[in-house]
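Below you'll find the structure, written out as structure tokens, and then a few comments.
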Amino acid sequence: MMDYPVSEASLVKACTALYGDDSKVDEYRQTVRGAFNQLVATGMNETVAREVVQAQYIDEVVEGERQRRAHEDRLATITPIPVPDDPDEYDAILEQGMREMNGDGECETEEEFQIRYKNFF
Numbered sequence: 000m001m002d003y004p005v006s007e008a009s010l011v012k013a014c015t016a017l018y019g020d021d022s023k024v025d026e027y028r029q030t031v032r033g034a035f036n037q038l039v040a041t042g043m044n045e046t047v048a049r050e051v052v053q054a055q056y057i058d059e060v061v062e063g064e065r066q067r068r069a070h071e072d073r074l075a076t077i078t079p080i081p082v083p084d085d086p087d088e089y090d091a092i093l094e095q096g097m098r099e100m101n102g103d104g105e106c107e108t109e110e111e112f113q114i115r116y117k118n119f120f
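The numbering of the sequence shown is numbering that gives the first Met the number 0, which starts it at 0 and goes up by one.
Shown next, in the form of structure tokens:
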């Protein structure tokens, strides 16, 4: 049986994605090794088990963190709509907000909607 089902560099990369640094790499190494050993113990070929562990414990973790950071970065660029003095403009913004709530607008998520329209509720 292989000692390390994934490379040390991959472990550090995934650990950093999960925890912000590599201080828990030893714990994560044990988790990955345990998952690998369990797959092999159930009869899975070592090569296939290595690929499964690489996909689940490294690739998906790193990609998930990349997507989370991209989402946070996008949210940081959203500016709340200021409340206008003009009542007609105010009503128009509220109407746009109602369209947004129905999925017909710029906001892709509820978080984006809440940021853009926070001055109105």
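Ideal Cβ positions, reconstructed from N, Cα and C, are used throughout, including at glycine.
As the structure is a prediction and not an experimental result, all values here were calculated from the model.
So for P86, helix, strand or coil by DSSP? helix
Quick check on S9: does DSSP put it in helix, strand or coil? helix
Is there contact here, the stretch 1 to 13 with the stretch 43 to 55, by at least three beta-carbon pairs under 8 Å? yes
In terms of residues, what are the limits of the alpha helix (DSSP H) holding I77? Careful: I77 lies outside any alpha helix (DSSP H) and carries neither H nor E.
Taking the C-alpha atoms as reference points, what is the distance between M1 and L74? Unreliable placement is indicated for M1, whose pLDDT of 49 sits below 50; no coordinate value is reported for it.
For P83 and D103, I'd like the C-alpha separation in whole angstroms. 22 Å
Apart from the five residues on each side of it in sequence, which residues of its chain come closer than 7 Å, Cβ to Cβ, to A16? V60, V61 and E64
Within 10 Å of its beta-carbon, does R130 have 16 or more other beta-carbons around it, so buried, or fewer, so exposed? Beyond the ends of the chain as shown, which are 0 and 120, falls residue 130; an answer cannot be given.
Check whether the Cβ atoms of N118 and I80 lie closer than 9 Å to each other. yes
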